[in-house]
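Have a look at the structure below before the remarks.
Chains as they are written, first to last, in our numbering: chain A, 414 to 526; chain B, 24 to 135.
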């Protein structure tokens, strides 16, 4: 079945440094890819999505490029802030047939002031 | 504003007892999902539904049943709760193609 693998956490960074969270996926079909973010006490919420290969998604300074050849979708931010501290999830859904939404294991990010 | 409401928010159950977790969405979404969240495992899909009357097995359905009596409501049922089912459970809803999926705030279940 479909699967998503992402950077093992936790990740601790200082404010102003750069972030990369690796995500790779396996699917036999053509997926739509997502990054979700979860703050303490809340459910996950959509950060951004990218439905098409070789396109980039972005929001709040975070970005990721859907690399179909490498089956990767790494999350990046040039300069993290303390308010970015959260759990980040890579996810995919197939573009047809089953509408399962499959998540990676999550990466806990802590940003120190 | 998209809304997914879970009840109860916290539940303590005894081993062998029956537990029902409820979810209501006002988004008029066809797709609904139940996940459990555990440290080291992220969000794992238990059951999902394409609409009223339908339920499908996700990746970890053993020990769980689901019910979708209407577009708005989707329940997760533990007929014989076990301590291994202690977890945080999230319900979510999504429209066609899952353009955006909205989550509830979660239910913390402890089975003692």
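Each residue gets a CB set at the ideal place from its N, CA and C atoms; glycine is no exception.
For a quick check, are the C-beta atoms of residue i and residue j less than 8 Å apart?
i: residue 488 of chain A; j: residue 462 of chain A; result: no
i: residue 52 of chain B; j: residue 116 of chain B; result: yes
i: residue 28 of chain B; j: residue 47 of chain B; result: yes
i: residue 95 of chain B; j: residue 49 of chain B; result: yes
i: residue 101 of chain B; j: residue 35 of chain B; result: no
i: residue 460 of chain A; j: residue 449 of chain A; result: yes
i: residue 140 of chain B; j: residue 130 of chain B; result: This structure cannot settle anything about residue 140 of chain B, because the visible part of chain B is limited to 24 through 135.
i: residue 417 of chain A; j: residue 516 of chain A; result: yes
i: residue 430 of chain A; j: residue 505 of chain A; result: no
i: residue 500 of chain A; j: residue 523 of chain A; result: no
i: residue 490 of chain A; j: residue 478 of chain A; result: no
i: residue 66 of chain B; j: residue 502 of chain A; result: yes
i: residue 107 of chain B; j: residue 91 of chain B; result: no
Does any CB atom of chain B fall closer than 8 Å to the CB of residue i?
i: residue 448 of chain A; result: no
i: residue 427 of chain A; result: no
i: residue 502 of chain A; result: yes
i: residue 459 of chain A; result: yes
Name the chain B residues that come within less than 8 Å of residue i, Cβ to Cβ?
i: residue 443 of chain A; result: By Cβ distance, chain B contributes nothing, its closest Cβ being about 12 Å from residue 443 of chain A, past 8 Å.
i: residue 518 of chain A; result: 63, 64 and 65
Of all the CB atoms in chain A, is at least one closer than 8 Å to the CB of residue i?
i: residue 64 of chain B; result: yes
i: residue 141 of chain B; result: Any property of residue 141 of chain B remains undetermined from this structure, which presents chain B solely from 24 to 135.
i: residue 35 of chain B; result: no
i: residue 124 of chain B; result: yes
So, is residue i buried or exposed, given that buried needs 16 or more other C-beta atoms within 10 angstroms?
i: residue 56 of chain B; result: buried
i: residue 494 of chain A; result: exposed
i: residue 444 of chain A; result: buried
i: residue 127 of chain B; result: buried
i: residue 37 of chain B; result: exposed
i: residue 72 of chain B; result: buried
i: residue 39 of chain B; result: exposed
i: residue 473 of chain A; result: exposed
i: residue 420 of chain A; result: buried
i: residue 44 of chain B; result: buried
i: residue 483 of chain A; result: exposed
i: residue 526 of chain A; result: exposed
Against residue i, what residues of chain A qualify as contacts under a CB-to-CB distance less than 8 Å, listed in chain order?
i: residue 128 of chain B; result: 454, 455 and 456
i: residue 81 of chain B; result: 513
Name the chain A residues that come within less than 7 Å of residue i, Cβ to Cβ?
i: residue 54 of chain B; result: 512
Find the residues of chain A that neighbour residue i, judging by a C-beta separation of less than 9 Å, and give them in chain order.
i: residue 68 of chain B; result: 513, 514, 515 and 516
For the stretch 88-115 of chain B, which residues have a CB atom closer than 8 Å to at least one CB atom of chain A, in sequence order? 113 and 115
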